[in-house]
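Going by our numbering, the letters in the sequence shown line up with residues 25 to 158, in that order.
Glycine included, each C-beta is placed from N, C-alpha and C at the ideal position.
Please read all numbers here as calculations on a predicted model, not as lab measurements.
In what follows, a structure is listed as structure tokens, so that the remarks can point back to it.
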Amino acid sequence: MLFQEEHIRAYEETDGTTGHEWLDGKYTLVLTTIGRKSGEERKFAVIYRKVGDDYVVVASRGGMDTHPNWYLNLLAHPEIRIQVGPDKRTVRARTTEGEEREQLWPLMVEAFPTYAEYQQQTDRILPVVVLQPI
């Protein structure tokens with residue numbers, strides 16, 4: 025199993041041949057955000073699920089009480105780049121709310137059941153984010 029920098033490097037060097045399937049049946053994409061403070065590119069590997077033409081991710085940070093940096097970055101700059109396997113594209117990120125979140129949350133827990141445990145570990149609502157190709 026690969027983690028962040030090593031994961032991203034292997035993913036990019038192999039066009040996702042290494043790293044796209046992170047764990048058995050758990051798939052990742054690479055987010056390239058713009059740092060909200062630095063203005064520099066920041067890359068993160070995150071678990072995703074494809075829903076229609078969109079990609080859905082969860083800002084879990086392992087159930088910690090603060091949002092992950094990648095999520096804070098995309099709130100400041102919602103137009104980001106992603107790489108899914110060999111496919112690279114620009115997307116617009118938006119946080120789901122209400123009924124849309126209620127529909128997507130169980131799909132994400134199905135994709136990565138540990139999200140349910142993470143949600144129990146924190147008082148914050150784990151953001152479910154839709155990445156829409158533009």
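Distance, Cα to Cα, residue i vs residue j?
i, j, result
"T90", "L150", "10 Å"
"Y142", "L47", "18 Å"
"E65", "R105", "10 Å"
"P102", "R118", "7 Å"
"A135", "K112", "22 Å"
"E45", "Y51", "4 Å"
"L96", "R60", "7 Å"
On the criterion of 16 or more Cβ atoms from any shown chain inside 10 Å, does residue i qualify as buried, or is it exposed?
i, result
"A100", "exposed"
"M132", "buried"
"G40", "buried"
"G122", "exposed"
"G43", "buried"
"S62", "exposed"
Determine the contact status of residue i and residue j, defining contact as a CB-CB distance below 7 Å.
i, j, result
"I158", "R116", "yes"
"V108", "L55", "no"
"V82", "Y35", "no"
"T120", "V152", "yes"
Can you check DSSP and say which residues form a bridge with residue i?
i, result
"Y79", "K74, L155"
"D111", "V108"
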